[in-house]
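Participant: Numbering (our numbering), first residue to last: 29 to 103.
Virtual Cβ for every residue (Gly too), placed ideally from N, Cα, C.
Take this structure first; my questions come after.
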Amino acid sequence: MDDDNLEIMQLLEERLKIGKERYGHGVIIDDDTRQYGTNDNNWETMMMEEALDGMIYAAAQLLRIKRARNSLKEQ
Numbered sequence: 029m030d031d032d033n034l035e036i037m038q039l040l041e042e043r044l045k046i047g048k049e050r051y052g053h054g055v056i057i058d059d060d061t062r063q064y065g066t067n068d069n070n071w072e073t074m075m076m077e078e079a080l081d082g083m084i085y086a087a088a089q090l091l092r093i094k095r096a097r098n099s100l101k102e103q
């Protein structure tokens, strides 16, 4: 059985491409992250904010799935 590394890499490459299109360049680790919305110049803060946002999006999607399943059960 093959693993899913290629698909994961493709997802990462897509996100990097979107970032390059949105900001006009790739990741520049020496950039001041405050220009991207963090309160301090810290990639850890950026990562934490993005991870928390991801959890919110995941919870929203899980609620959609749960509601759809409940709706199917009621039919």
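With distances taken Cα to Cα, identify the nearest neighbour of Val55 among Glu41, Asn33 and Asn67.
Facilitator: If we check each option's Cα against that of Val55, Glu41 comes out closest.
Participant: For the alpha helix (DSSP H) that contains Thr73, what are its first and last residues?
Facilitator: First-last of the alpha helix (DSSP H) with Thr73: Trp71 to Glu102.
Participant: Output the distance between the C-alpha atoms of Thr66 and Asp31, rounded to the nearest integer angstrom.
Facilitator: So the alpha carbons of these two residues sit roughly 36 Å apart.
Participant: Quick one: what does DSSP say Gly54 is sitting in, helix, strand or coil?
Facilitator: Here Gly54 sits in coil by DSSP.
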